[in-house]
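J.: If you count the sequence shown from 1, you need to add 157 to reach the working numbering. Attaching a single structure in structure tokens format; questions to follow.
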Amino acid sequence: MRLEFPSDFLWGTATAAHQVEGNNRNSDWWAWEHRPGSPVAEPSGSAIEQYGRYESDIRLLADLGIPVYRFSVEWARVEPTAGDFDAEAVRHYRAVAEACRNVGLVPMVTLNHFTLPVWVAAQGGWLNADTPALLARYCAHVVTALDDLVDWYCTINEPGMVAFGGYVGALGFPPGSLSLPEWDTAIDRLCEGLVRSRETVKTARPEAAVGSTHAMVEYEANEGGRPLMEFFRGQMEDRFFAVCGDDDFIGVQTYTRQAVNVPRIVAPLARSLVQFDPLRRAVLPRLIRRLSRHVGGGSDEPGVTDMGYEYRPEAVAATVRRAHEVFPGKDIIVTEHGIATTNDEERVSFIREGLASLHQTIVDGIPLKGYVHWSAFDNFEWALGYGMQFGLISVNRSTQERTPKPSAHYFGTIAQENAVEL
Ligand code: BGC
């Protein structure tokens, strides 16, 4: 069976600056990786050197026939000290966008993908009430400089993960706090950051489409697990959705499904945990930290990805449906979907099954406008280092040689034919 996609459907791949460029020394992540006792498996180092190799990387994506390249601009490079914009760094990102256009690729720019300049982090990062305005000032600079080279912007990548990963002891993200009140404050600041960065893009370049991108999970809960699940989904998704009504599109980023099943006997305890603030503050951060420990363990279990996630390609259709319920009528783009695996055949199946489920959402009338696969290249997977392979293209980090995997050709063909064969 052949599933055809709408003629203007966007097909793309994604990366983020810190994960591919290398030597992002002015960022909070770099400092975090080099801290004694850092939870990060290995430092990012020279990554896959995309800062210097962007032209050939972009040409490779064009040769593979994948027309959208979502990459991020690095705030720590563009504004290495407060208020001083580095003209060379800005020229670099113009050159990246130009390189895309020269080979017929559509650049989709993420303005902030997880990292902060060290000076912003030193002032309190996402706990500081000034950070949203600082982000907006940086965005204005970048968007003005990129001018008519870029028609697609994503504001803050996965604000839910930034707050969850950094402020509640989960996932080994900086600054490594373990505090429920800080989690809440970070969420509020990130919400303000979403609003201000969107408004900045709209003012600086009204012709561009601007959206936010959200880490969404297909949640499943039994009756006892429902209050806990709703609390989590609220912190990870709903609080951010509440400020995204004026986005041009909603970016959905989904990797798996999460079951929240609580045995009946402890269900009242789980409910009180969510309802009573002192209990929540005392127990939840520790619980979250414990539960996050299994992420990235690698796994030989059938049905479990190297991230320790359930293999569930069609989870993305469930989250697209949820985004549509929250934002009826608004355009949706899957801005990330992918799998960490050393078995590329599994990646091919993941893409095929994921796309089949997404096709059905379009048939059902949901305005899904594109699919961007994470990731174009194997790269630095944050606290897990280089162990996780999400790429369509493998990279030998000693020689920096790029080798497209069969999944890269598979996905390129889908993009070219605008259809997937089942
Ligand atoms: C992030 C990426 C990350 C990917 C795979 C998303 O949460 O945006 O930076 O590499 O998931 O874990």
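Beta carbons are placed, not taken as given, at the ideal position from N, Cα and C, and that holds for glycine. Please read all numbers here as calculations on a predicted model, not as lab measurements.
1. Distance, Cα to Cα, residue 446 vs residue 387?
2. For the putative contact between residue 472 and residue 515, defined by C-beta atoms under 8 Å, what is the C-beta separation to the nearest angstrom?
3. Exposed or buried, residue 573, counting other C-beta atoms within 10 Å across all chains shown (16 or more means buried)?
4. Hey, would you say the C-beta of residue 207 is under 7 Å away from at least one heavy atom of the ligand BGC?
5. Go through its chain and collect everything with a Cβ distance to residue 243's Cβ below 8 Å, but skip five positions before and after it.
6. DSSP beta-bridge partners for residue 265?
7. Would residue 161 be called buried (16 or more neighbouring beta carbons within 10 Å of its own) or exposed?
8. So, with DSSP's three-state summary, where would you put residue 528?
9. Taking the C-alpha atoms as reference points, what is the distance between residue 544 and residue 164?
10. Mind the definition here: the region 245 to 255 touches the region 185 to 199 only if three or more C-beta pairs lie below 8 Å; say whether that holds.
11. Distance check for residue 317 and residue 394, CA to CA, integer angstroms please.
12. Looking at residue 547 and residue 532, is the spacing between their C-beta atoms short of 8 Å?
13. Between which two residues does the beta strand (DSSP E) holding residue 369 run?
14. In whole angstroms, what is the alpha-carbon distance linking residue 309 and residue 488?
15. For residue 212, which residues in the same chain have their Cβ closer than 6 Å to its Cβ, ignoring the five residues on either side in sequence?
16. Determine the contact status of residue 305 and residue 367, defining contact as a CB-CB distance below 8 Å.
17. Does residue 269 pass the burial test, meaning 16 or more other C-beta atoms within 10 Å, or should it be called exposed?
18. With DSSP as the reference, label residue 304 as helix, strand or coil.
19. Does the ligand BGC have even one heavy atom less than 7 Å from the beta-carbon of residue 547?
20. Answer with buried or exposed for residue 561, where buried requires no fewer than 16 other C-beta atoms within 10 angstroms of its C-beta.
21. Nearest by alpha-carbon distance to residue 537: which of 159, 190, 300 and 167 is it?
22. Could you give the DSSP three-state label for residue 518: helix, strand or coil?
23. Do you know whose CA, among 351, 498 and 490, lies nearest residue 397's CA?
24. Report yes if the C-beta distance between residue 569 and residue 223 is below 8 Å; otherwise report no.
25. Any heavy atom of the ligand BGC closer than 7 Å to the Cβ of residue 410?
26. Identify whether residue 564 lies in helix, strand or coil by the three-state DSSP scheme.
27. Go ahead and pull the three-state DSSP assignment for residue 238.
28. What is the DSSP secondary structure of residue 463, counted as helix, strand or coil?
29. Run the CB neighbour count on residue 292, radius 10 Å, all protein chains shown included, and call it buried at 16 or more, exposed below.
30. Assign residue 438 to buried or exposed, taking buried as 16 or more other Cβ atoms, counted over all protein chains shown, within 10 Å of its Cβ.
31. Measuring only the C-alpha atoms, how far is residue 550 from residue 420?
32. Which same chain residues, not among the five before or five after residue 476, have their C-beta less than 8 Å away from its C-beta?
33. Just to confirm my understanding: we take residue 483, look at its own chain, exclude 5 residues before and 5 after, and list those with CB closer than 7 Å. What are they?
34. When you compare the region 336 to 350 with the region 277 to 294, are there three or more beta-carbon pairs, one atom per stretch, that lie closer than 8 Å?
35. Do residue 452 and residue 365 have their C-beta atoms within less than 8 Å of each other?
36. Give me the Cβ distance between residue 218 and residue 267, rounded to the nearest whole Å; I'm assuming they're in contact under 8 Å.
T.: So, from the data block:
1. Residue 446 and residue 387 have their C-alpha atoms some 19 Å from each other.
2. Contact flag wrong, Cβ pair sits at about 11 Å.
3. Exposed, since its Cβ has fewer than 16 Cβ neighbours within 10 Å.
4. Incorrect: residue 207 has no Cβ contact closer than 7 Å to the ligand BGC.
5. 234, 235, 236 and 237.
6. Answer by DSSP bridge pairing, in chain order: 227 and 309.
7. Residue 161 should be labelled exposed.
8. Residue 528: strand per DSSP, three-state reduction.
9. Residue 544 and residue 164 have their C-alpha atoms some 37 Å from each other.
10. No, they do not touch.
11. Taking the Cα positions, residue 394 is about 7 Å away from residue 317.
12. Residue 547 is positioned such that its CB atom lies closer than 8 Å to that of residue 532.
13. Where residue 369 is concerned, the enclosing beta strand (DSSP E) stretches over 366 to 372.
14. Residue 309 and residue 488: Cα-Cα distance of roughly 13 Å.
15. Excluding positions up to five away in sequence, the list reads 256.
16. No, Cβ-Cβ distance for residue 305 and residue 367 is not below 8 Å.
17. Buried: at least 16 other Cβ atoms inside 10 Å.
18. In this structure, residue 304 counts as helix in the three-state DSSP scheme.
19. True, at least one ligand heavy atom lies under 7 Å from that Cβ.
20. Classification of residue 561: buried, given that the 10 Å Cβ count is 16 or more.
21. The residue with the shortest Cα to Cα distance from residue 537 is 190.
22. In this structure, DSSP gives residue 518 a helical state, which the three-state scheme calls helix.
23. Cα-wise, what sits closest to residue 397 is 351.
24. Contact flag set, yes.
25. Because some heavy atom of the ligand BGC lies under 7 Å away, the Cβ of residue 410 counts as near it: yes.
26. DSSP places residue 564 in helix when its eight states are reduced to three.
27. DSSP, reduced to helix, strand and coil, places residue 238 within a strand of the structure shown.
28. Residue 463: coil per DSSP, three-state reduction.
29. The residue in question, residue 292, is buried, as its Cβ has 16 or more Cβ neighbours within 10 Å.
30. Classified as exposed, residue 438 has fewer than 16 neighbouring CB atoms from the shown chains inside 10 Å of its CB.
31. Their Cα atoms are separated by approximately 43 Å.
32. Here residue 476 has 373, 374, 375, 409 and 411 as same chain residues with Cβ atoms under 8 Å from its own Cβ, once five neighbours each way along the sequence are excluded.
33. Correct list, in chain order: 398.
34. Yes, the region 336 to 350 is in contact with the region 277 to 294.
35. For the 8 Å CB-CB criterion, residue 452 and residue 365 do not form a contact.
36. Between the beta-carbon of residue 218 and that of residue 267 there is about 16 Å, and that puts the pair past the 8 Å contact cut.
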